[in-house]
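**Student:** In my numbering, the protein residues as written are 1343 to 1491. Could you have a look at this structure, given as structure tokens, before my questions?
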């Protein structure tokens, strides 16, 4: 079995990609991920409420199955979330420790660059190098990378 490198990508490797467009693609995917996690949480919380407004038929005059709709929505969100998390688990060993922090802080939680610099205890330049490397690696997992012409 070959050992997987957990070093961050060299500048030459990163420079072969259109980082800005690759970052947009990754940010869009993880924006959807964060949104689905929030919606899944809301649906689960709402379904546990004894006075769920959906169950009172307030939002629709038609006969419907609000519980079935909630289950279907939650299932769709859950599948997407599980896919993203499963791919991360499959490839997390390719990320350096700093890139794992970048992944959690930037992609999963969407923190600021100042918060990331503090978490990594690095200068802006060193932090940015690790961030670029992380974004490129994650983009490759989902086939979202954009190459320069």
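C-beta: ideal position from N, C-alpha, C; glycine also. Every value quoted in this text rests on a predicted model; they were computed, and no experiment measured them.
Check each candidate in 1413, 1430, 1384, 1375 and name the one with the smallest Cα separation from residue 1482.
**Tutor:** 1430
**Student:** Return the chain-ordered list of same chain residues with a C-beta closer than 6 angstroms to the C-beta of residue 1385, the five sequence neighbours on each side being excluded.
**Tutor:** 1412, 1415, 1416
**Student:** In the DSSP assignment, what residue or residues form a beta bridge with residue 1489?
**Tutor:** 1359
**Student:** Which residue wins for smallest C-alpha separation from residue 1497, given the options 1418, 1450, 1464?
**Tutor:** Given that the chain is displayed from residue 1343 to residue 1491, the structure contains no residue 1497 and the question cannot be resolved.
**Student:** With C-beta atoms as the reference, is residue 1462 less than 8 angstroms away from residue 1471?
**Tutor:** no
**Student:** For residue 1487, is the classification buried or exposed, using 16 other Cβ atoms within 10 angstroms of its Cβ as the cut-off for buried?
**Tutor:** buried
**Student:** What span of residues does the alpha helix (DSSP H) with residue 1458 cover, start to end?
**Tutor:** 1455 to 1462
**Student:** What would DSSP say about residue 1451, mapped onto helix, strand or coil?
**Tutor:** coil
**Student:** How big is the Cα-Cα spacing for residue 1440 and residue 1453?
**Tutor:** Take the alpha-carbon of residue 1440 and the one of residue 1453: they are about 15 angstroms apart.
**Student:** Just mark residue 1432 as buried or exposed, buried being the case when its beta carbon has 16 or more other beta carbons within 10 Å.
**Tutor:** exposed
**Student:** How big is the Cα-Cα spacing for residue 1380 and residue 1419?
**Tutor:** C-alpha separation (whole angstroms): 9 angstroms.
**Student:** Rounded to whole angstroms, what's the CA-CA distance from residue 1466 to residue 1476? Just pull it up for me.
**Tutor:** About 15 angstroms.
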